[in-house]
Amino acid sequence: MDSRRATLLPTRNKTYVYLWTSRQFQEEQAEWDGVNKLLQHHGFKPVYFADPVENRNISDLILLDKKSAGEMRMTMRTMLTDSDRRQALIQELIKSNSELKEEVQEHMRGAAQQSQRATELEGLLDVVRTRVQDLEDRCLSKAKLCQVLEQKLSKQREEATDLQRKLYFTVKEEERRSARQSQTFQHICNKVSQQNSPADQQVLDVIDFYETKMSQLLDELRSVKGQGSQVAHQTEIKKTSSNVTPSFKTILKAYHEQQKGSQREIEELKKEVERLKRELDTRPTLKEVKFYKHKLRRLEGSIKHNNQSSPKEDIPSDISENINDQGNLSAYYHHLLHDIKSLVSDPNAPLRLHRTKPSSVEFHTILPTLEGWAQQLHLLKDLQRGLNKLSVRLMPWQPSDGGHAASEVVKMEDMMLLVDTMLENTATDDEKVLRSPTRFTLGSMVSHFQKLFDVGSLSGVYPRMNEVYSRLGEATNTMRNLRDVLQLDSRVPPAEVVNRVASLVSSAEHTAGLHDVLGDADIDSIIVKVKQHEEFFPAFHDLILDILHTLGVRHLDDILPALRSLKHTD
1 MDSRRATLLP TRNKTYVYLW TSRQFQEEQA EWDGVNKLLQ HHGFKPVYFA DPVENRNISD
61 LILLDKKSAG EMRMTMRTML TDSDRRQALI QELIKSNSEL KEEVQEHMRG AAQQSQRATE
121 LEGLLDVVRT RVQDLEDRCL SKAKLCQVLE QKLSKQREEA TDLQRKLYFT VKEEERRSAR
181 QSQTFQHICN KVSQQNSPAD QQVLDVIDFY ETKMSQLLDE LRSVKGQGSQ VAHQTEIKKT
241 SSNVTPSFKT ILKAYHEQQK GSQREIEELK KEVERLKREL DTRPTLKEVK FYKHKLRRLE
301 GSIKHNNQSS PKEDIPSDIS ENINDQGNLS AYYHHLLHDI KSLVSDPNAP LRLHRTKPSS
361 VEFHTILPTL EGWAQQLHLL KDLQRGLNKL SVRLMPWQPS DGGHAASEVV KMEDMMLLVD
421 TMLENTATDD EKVLRSPTRF TLGSMVSHFQ KLFDVGSLSG VYPRMNEVYS RLGEATNTMR
481 NLRDVLQLDS RVPPAEVVNR VASLVSSAEH TAGLHDVLGD ADIDSIIVKV KQHEEFFPAF
541 HDLILDILHT LGVRHLDDIL PALRSLKHTD
């Protein structure tokens with residue numbers, strides 16, 4: 001049994017009698033031991049649990065009933081736990097403050113680097129301006145040189161036109177002179193009967209004189225080249241030939257007549273050759289002759305078989321030959337139609353345009369199929385012209401052959417080669433080329449940015465973009481700090497953070513604590529920035545992602561150099 005203790009505590013007006021048991025004492029002492037450990041952990045002195053029997057000095061004791069003692073223990077535990085939470089919050093604030101200081105230092109270093117980079121870019125811009133000025137001076141000098149060269153070219157063209165006109169007149173005069181000379185020579189040759197007239201003799205003497213002069217000039221020219229011996233021999237021959245002037249005309253006339261006769265014989269031989277060629281074309285080939293002989297044997301066998309069953313009659317030879325020829329021809333045509341039908345009905349035929357239906361007529365599908373083939377072959381010419389136009393449009397740097405003539409046969413090999421050439425010239429291995437934005441796309445993006453952020457000119461795009469990025473960074477840091485203070489996950493959306501802050505602000509119990517932590521101005525600025533973030537961030541985020549994807553870069557700092565490079569290339 002538990003021992004019981006009775007304590008009599010006299011007071012001024014009343015006397016309290018407490019009955020204690022050992023079990024109750026141990027329970028109370030155990031509960032206060034947990035509180036004392038928390039107090040000692042935080043650096044406070046423990047609360048001693050005294051026995052009234054052992055300590056009879058009432059002024060040194062504080063008497064509490066069981067309920068008050070429990071409330072006091074609960075209050076002390078709550079205060080100590082809240083102290084731990086506040087201490088942890090203070091540590092987190094200190095850590096956040098240090099992180100913010102580090103971020104500020106990083107931003108300051110980045111700003112210093114950016115300022116240094118801006119200085120370098122300004123120097124580079126000065127160099128580029130100087131180079132552009134030099135290029136402009138060179139362009140002006142080249143333009144002046146081009147103007148001078150164009151003037152010289154116009155003068156040379158005028159001179160070339162004058163020379164062409166003079167050359168034309170010279171050629172015409174030479175042609176007229178040659179015509180007059182040939183007419184004179186023919187006139188002299190035709191006057192054979194009057195060869196002894198003094199006028200003709202004078203003309204012949206003049207011709208001999210000029211021939212002698214020409215031979216002398218040729219001798220001098222060839223003697224310079226080291227051919228004097230041959231020239232002397234030719235000169236003697238010409239001199240001897242010039243001495244027999246009257247007989248030369250008779251020989252020349254006989255030569256002309258002989259030449260005309262040989263020309264007529266050549267023409268007759270050509271006509272005979274053409275006639276023989278046509279005759280050979282009409283004659284059957286060796287294969288056809290063998291085929292005809294085979295058919296003739298079969299027909300003779302059938303005729304003999306018919307003659308055995310019927311009395312013999314005298315048939316004229318010319319009629320039998322005609323019948324044999326017609327039978328051979330019909331058999332040949334029938335075999336040809338069978339070959340055409342097998343080609344048309346072949347499953348591997350090039351164009352099976354018509355479905356063959358069962359019919360009593362044997363060759364009724366040949367004509368429609370051939371007509372369809374002819375139509376498709378006619379459409380191939382249109383396809384060839386379309387491919388030629390497409391190749392000129394896709395490959396304007398290659399010379400055009402002017403298309404195919406109307407009488408030229410269209411070949412599939414040519415069209416396939418043309419298509420392969422276009423594919424090889426238009427294909428590319430670099431996928432960035434296909435994804436590279438056009439000038440119109442970049443212009444529309446910049447105009448959309450100006451319209452979205454109220455930027456009036458292109459010069460204000462970059463400052464506005466820097467301002468937007470700075471505000472975005474501030475909003476991001478604010479949201480991160482709010483999540484840390486409110487003990488929220490980093491993946492919580494901004495709307496949830498705003499709702500949590502609104503619930504804290506609306507609560508009367510935590511208003512003072514929140515004001516103590518952040519302050520009125522900080523809370524108002526956070527609310528304004530959160531609203532701005534919700535209103536502004538989605539559209540700007542999508543736009544920046546599109547710009548990064550279009551320009552093919554990964555970081556925000558690479559957008560400005562990429563735009564400048566595109567501007568320089570344009």
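Numbering (our numbering) for the sequence shown: 1 to 570.
All C-beta atoms, glycine included, are put in the ideal place defined by N, C-alpha and C.
It is roughly 15 Å from the alpha-carbon of Asp-414 to the alpha-carbon of Val-392. Secondary structure note for Gly-443: its alpha helix (DSSP H) is the uninterrupted segment 439-453.
With respect to the 8 Å criterion, Pro-494 and His-541 are not classified as neighbours on the basis of their beta carbons. Straight across, the Cα-Cα distance linking Leu-380 with Lys-411 is about 9 Å.
Scanning the segment 94-174 from its first residue to its last, no whole beta strand (DSSP E) run of 3-plus residues comes out.
One Cα belongs to His-378, the other to Gln-384, and the distance between them is close to 10 Å. In this structure, Leu-299 lies near Gly-327, with their beta-carbon atoms less than 8 Å apart. The beta carbon of Ala-539 lies closer than 7 Å to those of Leu-452 in the same chain, with the five residues before and after it left out. Taking a C-beta distance under 8 Å as the contact criterion, Asp-484 and Glu-120 do not qualify as a contact pair. Nearest Cα to Leu-418 within the set Lys-389, Leu-551, Ile-559: Lys-389. Scanning its chain for C-beta atoms nearer than 6 Å, with the 5 sequence neighbours on each side dropped, one finds around Leu-482 the residues Val-497, in chain order.
For the pair Thr-184 and Leu-276, the Cα-to-Cα distance works out to about 43 Å.
In the three-state reduction of the DSSP assignment, Ile-62 falls in the coil class. Judged by DSSP secondary structure, Leu-482 falls within the alpha helix (DSSP H) whose first and last residues are 461-485.
Remark: three or more beta-carbon pairs, one from each stretch, lie closer than 8 Å, so the segment 77-85 and the segment 29-42 are flagged as touching. By the Cβ neighbour-count rule, Thr-369 is buried, with 16 or more other Cβ atoms within 10 Å of its own. His-378 sits in a helix when the DSSP states are folded into three classes. Pairing Leu-64 with Gly-70, the inter-Cα distance amounts to about 9 Å.
Under the three-state reduction of DSSP output, Val-492 falls in the coil class, being neither helix nor strand. A distance below 6 Å between beta-carbons, with the five flanking residues on each side excluded, links Gln-164 to no residue of its chain. Judged by DSSP secondary structure, Leu-560 falls within the alpha helix (DSSP H) whose first and last residues are 559-569.
DSSP places Ser-345 in the coil class of the three-state scheme, outside both helix and strand. For the pair Ile-559 and Val-492, the Cα-to-Cα distance works out to about 29 Å. By the C-beta density criterion, Met-214 is exposed, having fewer than 16 other C-beta atoms within 10 angstroms.
With a threshold of 16 other beta carbon atoms within 10 Å, Ile-90 falls short and is exposed.
Here the C-alpha atom of Ser-459 lies approximately 22 Å from the C-alpha atom of Leu-545.
If you ignore the 5 residues before and after Glu-474, its C-beta comes within less than 8 Å of the C-beta of Lys-529, all in its own chain and listed in chain order. Close CB contacts of Met-479 within its chain, under the 8 Å cut and outside five residues either way in sequence, are with Pro-494, Val-497, Val-530, His-533 (chain order).
Met-108 is classed as exposed because its beta carbon has fewer than 16 other beta carbons within 10 Å across all chains shown. At a Cβ-Cβ threshold of 8 Å, Leu-387 and Leu-566 do not count as neighbours. Within its own chain, the residues whose Cβ lies closer than 6 Å to the Cβ of Leu-551, once the five positions on either side in sequence are excluded, are Ala-562, listed in chain order. In the three-state reduction of the DSSP assignment, Arg-297 falls in the helix class.
Nearest C-alpha to Glu-535 among Arg-564, Leu-472, His-549: Leu-472. The shortest CA-to-CA distance from Ala-30 to any of Leu-100, Val-47, Gly-123 is the one to Val-47.
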